[in-house]
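Residues in the sequence shown are numbered consecutively from 397, following the numbering used here.
Virtual Cβ for every residue (Gly too), placed ideally from N, Cα, C.
Values in this document were obtained by computation on a predicted structure and should not be read as measured data.
One structure is given here, and the rest of the page talks about it.
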Amino acid sequence: MSPRPFTLNDPSLLHEASLLNGEWVAAQSNKRLSLTDPGSRHVFATCPTNGPEDVDKYVETSHAAFERYRHVNPRERAKFLLKWHELITKAREDIATIVVYETGKPMAEALGEVDYALGFAWWFAGEAERVRGSIALPSVSNRRTFVIKQPIGVSAALVPWNFPVAMIVRKVAAALAAGCTMIVKPSPETPLSVMALADLALRAGLAPGVLNVITTDNEYTPSVSERLCKHPLVRKVTFTGSTRVGSIIAKHCSEGLKKVTMELGGNCPFIVFDDGNLEQAVAALMILKWRTAGQACTHANRVYVQAGIYDKFAQMMLEATQKLKVGHGTDSGTTMGPLTTERGVEKLKKLVSDAISKGGKVLCGGKQPNGPQGYFFEPTIISGMTSEMLASQEEIFGPLLGLHRFETEEEAVKMANDTSMGLASYFFTKDIDRTWRLLESLEAGMIGMNTGNSSCAESPFGGIKESGYGKEAGKDVAIEEYLISKTGTLTVEVRVCAFIWGDLLIDAAIWQHCAIFPFDGAQSRSYYRGPNPIDIGNASPSFKRIPTRSDQQILHDSSCANQLHLTKFCSRRLDAMSPSRSTRESSKRKLDSTDDDQEKRKLRNRLAQRAFRRRQAEYLRNLRDRADSGDRPQNEIIHALREENACLRRQLVDVQSKLSRVITTMQALSGSVSSVLDKPSQVASTDKVEATESPSSRQETPKDIDVDIAADDYPKLDTSTSSATHTILIQNQSSGLDDPVDIMPQTLNQGLARSDNSFPEFNHDILALESLTPHTNSLSHQLPNIWSFEYQMGLQPYVNALTSSQQFSVTLGKDWTESNSPFSDHIQVLQKLLKNRLDLIRPLFQPSPQLLYQQVLMVLSLFNSITRPDVMAWYAKTRFYHIVDLTAWQIYPCTGTLSKVHEQYRPTEVQLQQQYPRVIDWIPFPTIRNRLIRLHAANPQIDQIFCDTVSSYVVEANMADLIMGAPAVTAYIRVTDVIANIPSTTPGSDPQPSAMLPAPDADTLFSSPEYARAVFKKLDIDRGISHYKMDPAFFGTYPELYDPSVDIAAKGIPLRPDVQLRLTYPKPLDSSTFQTYRSFMDFSLYAPLSVAQGFR
């Protein structure tokens, strides 16, 4: 094999292997086929030669992938196709280069093919969401019939070499959009371009096995294709090629009655009438005949020219053809390349010789050019063609143009239809009547009228007669080839009974829904008052009933409000039956004037019936009005909701941009003010009030919040900071554990002078690196991450977060702001309260680092004991010192506190750049923290995700060490499952005994407290998070949090109990809990202070 004659911008696109279940593999036989450059006859690559014995594994993996892929949402399929479209666009030049060396096409044509193929990827991305079923109303009233569409299954695509990119994208995109998986067998001449497309599909996110590619050579192509067609798991076959091979494929598929799409030979006619635009016809024919060296099924095979313009048209075509430049596809200026195979050259020689022997005249070409070593053949024009010549009867598939002469329209149509094929036909005329006649009379699946381009993604592609069946593009029809229709029929139980009301026959089921009378089959009666009683059901003809007031009560006691739509007809009928006011008054006067008791009874009964009808009509009118008011079509309601949602989003984005500008302005003003205040000449002397102020009270705070410690023994929380930490500026007067952080580049060991009131046990170097500080801007934290994909869960949580501003909280008398994370609200309040209390006692009693960590530990214990008792057992046994260290650093950020923070808890760049709920800081895996911030920062379910994360901590172990008789393989066990079975011990009590591992079985391992303690010790669960990993099942629930570049997912076999513990998260912060926090901190801080002062 000669050196590869080309280089790619992305060499990884070139694969000399087959694609099986996402892996690049060779054939079982290790045989390989050689790929030859048609323009030089040099071998430049090889590919596996798979045999029939290789087919089964390709089909089986594709079928397994189909069982998963068929359930992928159509929106996700569309997203994949759009991503595939994007990657193909970026790799356009590399793919075109491969096509040039596989097929011989000029580079311009190869690029054009890639662009043509991209249209199919884009089109079928839209078709994925346009699959629709149907509903039919059968003749039987109690029957409902509907049709659903489902993917057919594993599909096989047998494709030719003339358009390797367009054929693949057109077939694969349709199958994937429908929900099918596909096995592609490319032509032996062009496998590399197909492999490049498959590689891009994998990069776009296509699951392994959804697209498999099996390569082979010309010798094994028949047997491999036959095995694919006859495999029982293959449900659909699509083939593009010659009619002869297509008939063989159809026979193979008939054995399993498989669904088949055939796109076969063309032998297409091209008709030019004397009233046509000759320049337009010549331009179209130049492309339709010489592009791809004439190797396309839709190319003009027979050119029919009306006698009056025959010589002129022939001369115009000759002059245009002589301007073509034949050469290698990569050569500059090449307009026609070689044929793809040597077989094509030999066939052309045969056709030219046959035409000359039967009277044809060669106007140009007719032979191979001298010089080039490839499969070149000169563009050839032959005049005087007849129907007896082979070039008129067969598909030429090469650069040979035969000119036929005709006199009349009828003659042209007869000659054009004189073929067994019917793929496409073309004609040029300005006569509109002739245009319609030709459209209807030409026997072809595609008709080009005054154009040579009859193919695009939006229109169906396919022929009739022996050119095949089925369509490969267009709306509905192409994707339908990969779908099955499933009919569902449902019989609805309906009570078939009716009754007469006045002159109205009413269905009993409808009347019962209207809740006038409680019918139940056996008690159905004929309710009628009139001269002709009608018996319904088993009622007596003489049975009569006059509605009374109790019927009205029945109406009110029923559930007719749930059947509003059934009342409309009855209501309108009763409107007409209800008597007018004048009729009622006339009846009353008649009743008062009569003396006959029997007549009075009749009149009273009539009045009672009319009164009932009047009340009934009024009630039903109300129901009808209510039904009409809520009778908006569902699509209108959804449209209105979407418009409202879009409006709210635009308002939210506007608010965010305005607040961002306000924040920027405030920061600029703050910097200017700080630079002025820091001047020594302007430093004011301290007074009595300043001596009692805490450092935090000297920071810039909003005017409407009082943080004067001297004025209030219980200072309000500074709600301008809603994060768990604070942004503080350096002050030259002091340094220590609570020194503020300067947001400016310094090294870790650079700091300020130590002051007297600092904590003596700590290194007082100020932590002044922006890349390490956890501080965030207080105002911007209140803005939600509106670009989170979970933003679709609803606007209200984010609207609440925006409205819960500092002023709003103060107005409600609250000392905290609410966010989308109640967990974070608790953390922020506790940290702020503790910071305020430590600052408050500082002038009176010098605290120590031990006091800080002691208070943090007590505060966290209080928080978990009050809000999450189940979690307290977790932290008590696993030693939540990591959280204590993290919290202490967040309250007093300095090198001393940072040195104690575990490296896995230190903030990442994403944490420093984004706003997010503070509960995410408690997760020890940086990659999960980063992805939570990017994808779930505004998610109202963030607390649940956090608890699911913590509940998924696992520790790996050898299974043989845990369970008796188990194999020595890696297993993992969730920390919560172990701790849940260890009962709490009373302080001072004797330590509980532990059992000896291994346990008899897995059930005992989790049900016995003794074995749980043994596992706890064996796995060093209390050692901390350094050896913790994540349960892989967690990433099944939250796949977006998985980072394959980081090894945090446990390996091996999971050991789980029947019931697994899930940690809870606190309820939203309320005033009672807030007061409890304040009271506890007052007691825990002031009590030691009072005791210490008492012993002085």
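In the three-state reduction of the DSSP assignment, Ser530 falls in the strand class, which pools E and B. Per DSSP, the unbroken beta strand (DSSP E) holding Val758 starts and ends at Lys757 to Cys760. When Cβ pairs closer than 8 Å are counted between the two stretches, the segment 752 to 768 is seen not to touch the segment 665 to 677, the count staying below three. Looking at the backbone, the Cα of Ser530 and that of His467 are separated by about 20 Å. With fewer than 16 other beta carbons inside 10 angstroms of its own, Asn1001 counts as exposed.
The way I'd put it, the segment 536 to 548 doesn't touch the segment 486 to 503; fewer than three beta-carbon pairs between them come closer than 8 Å. With contacts defined by Cβ atoms closer than 8 Å, Asn1377 and Ala1364 do not form a contacting pair.
The segment 1428 to 1441 and the segment 1327 to 1336 touch, with three or more beta-carbon pairs separated by less than 8 Å. Bounds of the beta strand (DSSP E) holding Phe802 are Leu796 to Phe802. Between the segment 439 to 455 and the segment 610 to 623, the count of Cβ pairs shorter than 8 Å is three or higher; the stretches touch. Within 10 angstroms of the beta-carbon of Asn697 lie 16 or more other beta-carbons, which makes it buried.
Where Leu477 is concerned, the enclosing alpha helix (DSSP H) starts and stops at Pro470 to Lys486. Per DSSP, the continuous alpha helix (DSSP H) segment holding Ser621 begins and ends at Thr617 to Lys626.
When secondary structure is reduced to three states using DSSP, Ile1287 falls in the helix class. Taking all protein chains shown into account, Ile778 has 16 or more neighbouring C-beta atoms within 10 Å of its C-beta and is therefore buried. Every alpha helix (DSSP H) of 4 residues or more that sits fully in the segment 808 to 868 is shown, in chain order, as 828 to 837. With contacts defined as CB atoms closer than 8 Å, Thr694 and Cys664 qualify as a contacting pair. DSSP, read as helix, strand or coil, puts Gly642 in helix. Look at Pro1394 here: in three-state DSSP terms it is coil, with no helix or strand label.
Thr1345 sits in a helix when the DSSP states are folded into three classes.
Residue pairing by DSSP puts Val439 in a beta bridge opposite Thr432. In this model, Ala646 and Glu839 are separated by some 22 Å (Cα to Cα). Counting only residues of its own chain and dropping the five nearest sequence neighbours on each side, Cys649 has a CB closer than 7 Å to the CB of Cys625, Val633 and Val656. In this structure, DSSP gives Met658 an extended state, which the three-state scheme calls strand. DSSP places Gly780 outside any beta strand (DSSP E), giving it a letter other than H or E.
The Cβ atoms of Val609 and Ser414 sit closer than 8 Å to each other. Under the DSSP assignment, Leu607 falls in the beta strand (DSSP E) whose first and last residues are Leu607 to Val609. The DSSP assignment places complete beta strand (DSSP E) segments of no fewer than 3 residues inside the segment 497 to 572 at 530 to 532, 539 to 547 and 550 to 554, in order along the chain. When C-alpha distances from Ala820 are compared across Glu806, Ala517, Leu835 and Asp829, the shortest belongs to Leu835.
Relative to the Cα of Pro556, the nearest Cα in the group Asn614, Val550 and Ala594 belongs to Asn614. Residue state for Pro1450 is assigned as strand, using DSSP reduced to three classes. Secondary structure at Gln764: coil, using DSSP grouped into helix, strand and coil. Contact between Val1280 and Leu1256 is confirmed by a C-beta separation of about 6 Å, below the 8 Å threshold. Rounded to whole angstroms, the separation of the alpha carbons of Arg687 and Gln764 is 18 Å. Distance from the CA atom of Thr883 to the CA atom of Lys567, rounded to whole angstroms, is 27 Å. The straight-line gap separating the alpha-carbon atoms of Ala524 and Gly575 is approximately 8 Å.
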